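In what follows, a structure is listed as structure tokens, so that the remarks can point back to it.
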Amino acid sequence: MEASIVLDIMYLEIGEHGPIWPDTEKIAAGMELAARNGFKNVEFWDWNNVDYKALAKKKDELGINVVSICAKDRGFLADAAQHEKSVEGLKETISAAKVLGCKNIIITAMELPDISSEESGRNVLEGLKKLTKEAEKEDVTLILEPLSGNMPPSYFKDSAKPFEMIREIGSDHLKLLYDIFHYQMMEGNIVNTIRDNLDKIGHIHMANTPARNELTEGELNYTYLIRSLKEMGYDKCIGLEFMPTKDRETAVKECYALISDALK
Numbered sequence: 060m061e062a063s064i065v066l067d068i069m070y071l072e073i074g075e076h077g078p079i080w081p082d083t084e085k086i087a088a089g090m091e092l093a094a095r096n097g098f099k100n101v102e103f104w105d106w107n108n109v110d111y112k113a114l115a116k117k118k119d120e121l122g123i124n125v126v127s128i129c130a131k132d133r134g135f136l137a138d139a140a141q142h143e144k145s146v147e148g149l150k151e152t153i154s155a156a157k158v159l160g161c162k163n164i165i166i167t168a169m170e171l172p173d174i175s176s177e178e179s180g181r182n183v184l185e186g187l188k189k190l191t192k193e194a195e196k197e198d199v200t201l202i203l204e205p206l207s208g209n210m211p212p213s214y215f216k217d218s219a220k221p222f223e224m225i226r227e228i229g230s231d232h233l234k235l236l237y238d239i240f241h242y243q244m245m246e247g248n249i250v251n252t253i254r255d256n257l258d259k260i261g262h263i264h265m266a267n268t269p270a271r272n273e274l275t276e277g278e279l280n281y282t283y284l285i286r287s288l289k290e291m292g293y294d295k296c297i298g299l300e301f302m303p304t305k306d307r308e309t310a311v312k313e314c315y316a317l318i319s320d321a322l323k
């Protein structure tokens, strides 16, 4: 099991008119932050809003890996009329992923207005099948991420439904992104749910609740959670996706120490 840092949220700023997401320079700085603090892996979200080719060179210079990026035009699977756009967005993302040496692509399914839950469910399932075919062709893995809260509202409200769809599609190229922060807010029962569905989980994100901060700050015992993952035999990446409450260097050092101690 290795750890990564999700760089976008680490460098998020709130301006007068709302969130200011990091540009290429800040993502590159995040790569340097990760590398000098022992992390071999990083992630970032919207590759099409940064110079991903420059970032590919940067990660090679630092000797680190990009373990996931997000699909372009993701989230609209509940609308069958947008499936073609989603497929084309995935194809573009796969091309970028190859440049970055990245094998995991995160997708989502939003709750869309004026489409019933029943119709949305049918559309999401069919859309996932179409995207999975593309992933199989190109040997990448789609990582389906349900979200908590309303920004944006997710079609998935629990873990049961996405696991059910992943099981029905039955492809090694479609897995769940089990975000512990989101699922603690949505339903709890973290360890048992992961244990019961380990074969359908392709990636894990971590932040403490209730404020999405460092693993060391909040109500969840991440030492216990990480040791539980190790005991289960989870061998994929755990991504730190949190907003630091202190300076980034200190936050990253403390999280690295917690993970290292838990894995001893």
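Each residue of the sequence shown is one higher than the one before, starting from 60 at the first, in my numbering. Glycine is no exception: its CB is placed at the ideal position from the N, C-alpha and C atoms. Keep in mind the model is a prediction, meaning the values are calculated, not measured.
Alpha-carbon to alpha-carbon, residue j and residue i
i, j, result
"Leu212", "Ile260", "It is worth fixing the name first, because residue 212 is Pro in this sequence and not Leu. Their backbone Cα atoms lie some 22 Å apart in a straight line."
"Leu171", "Glu143", "17 Å"
"Ser179", "Cys314", "38 Å"
"Ser230", "Thr191", "8 Å"
"Ala94", "Asn124", "10 Å"
"Arg307", "Ala137", "37 Å"
"Val311", "Asp82", "20 Å"
"Leu322", "Cys296", "13 Å"
"Leu121", "Met90", "8 Å"
"Thr309", "Asn209", "31 Å"
"Gly77", "Gln141", "28 Å"
"Arg181", "Ile174", "11 Å"
"Asp294", "Leu274", "20 Å"
"Phe135", "Glu197", "22 Å"
"Ala88", "Lys305", "17 Å"
"Glu75", "Leu92", "27 Å"
"Glu84", "Ser154", "22 Å"
8 Å contact criterion, which residue i and residue j should meet: CB distance rounded
i, j, result
"Phe103", "Leu71", "Between Leu71 and Phe103 the Cβ distance is about 12 Å, and since that is not below 8 Å, they are no contact."
"Ala168", "Val146", "The pair is not a contact, with the Cβ atoms about 14 Å apart (cut-off 8 Å)."
"Ala194", "Leu233", "7 Å"
"Lys99", "Glu61", "6 Å"
"Asn163", "Val109", "No, Asn163 and Val109 are not in contact; Cβ-Cβ is about 18 Å, not under 8 Å."
"Pro269", "Glu276", "Between Glu276 and Pro269 the Cβ distance is about 11 Å, and since that is not below 8 Å, they are no contact."
"Ile202", "His262", "5 Å"
"Arg133", "Ile86", "That pair is no contact at about 19 Å."
Close Cβ partners of residue i (< 6 Å) along its chain, the five nearest in sequence each way excluded
i, result
"Pro205", "Ser213, Phe215 and Pro221"
"Leu288", "none"
"Ala266", "Phe240, Glu300 and Phe301"
"Ser63", "Asn100, Val101, Glu102, Val126, Cys296 and Gly298"
"Ala139", "Asn182"
"Ile73", "none"
"Glu185", "none"
"Arg286", "Ala321"
"Glu177", "none"
7 Å CB neighbourhood of residue i in its chain, flanking five on each side removed
i, result
"Met302", "Ile68, Leu71, Arg271 and Asn272"
"Ile249", "Ile239, Tyr242, Gln243 and Leu284"
"Ile97", "Sequence check: residue 97 is Gly here, not Ile. Cβ within range, chain order: Tyr315."
"Ser207", "His241, Met244 and Met245"
"Cys161", "Val125, Val126, Ser127 and Ile128"
Neighbourhood of residue i by C-beta distance below 8 Å, restricted to the same chain and skipping five residues each side
i, result
"Ser218", "Pro205, Leu235, Tyr237, Tyr242, Met245, Glu246, Thr252 and Asn256"
"Val158", "Tyr111, Lys112 and Ala115"
"Lys131", "Asp105, Trp106, Asn107, Gly148, Leu149, Glu151 and Thr152"
"Ile188", "A small fix is needed here, since residue 188 is Lys in this sequence, not Ile. Same-chain partners within the cutoff: Ile228."
"Met291", "Ile253, Arg254 and Leu257"
"Thr282", "Leu317, Asp320 and Ala321"
"Ile79", "Leu71, Glu72 and Ile73"
In DSSP terms, what residue i is bridged to
i, result
"Thr83", "None; Thr83 has no bridge partner."
"Ser287", "According to DSSP, which records beta bridges pairwise, Ser287 is partnered with nothing at all."
"Ala168", "Gly134"
"Asp238", "His264"
"Pro212", "Asn209"
"Glu102", "Val65 and Ser127"
"Ile297", "Ala62 and Ile263"
"Ile389", "Outside the shown range of the chain, which is 60 to 323, sits residue 389, and nothing can be said about it."
"Ile202", "Ile165 and Lys234"
"Asn272", "Asn267"
Beta carbon of residue i nearer than 9 Å to that of residue j
i, j, result
"Val199", "Ala156", "yes"
"Glu300", "His264", "yes"
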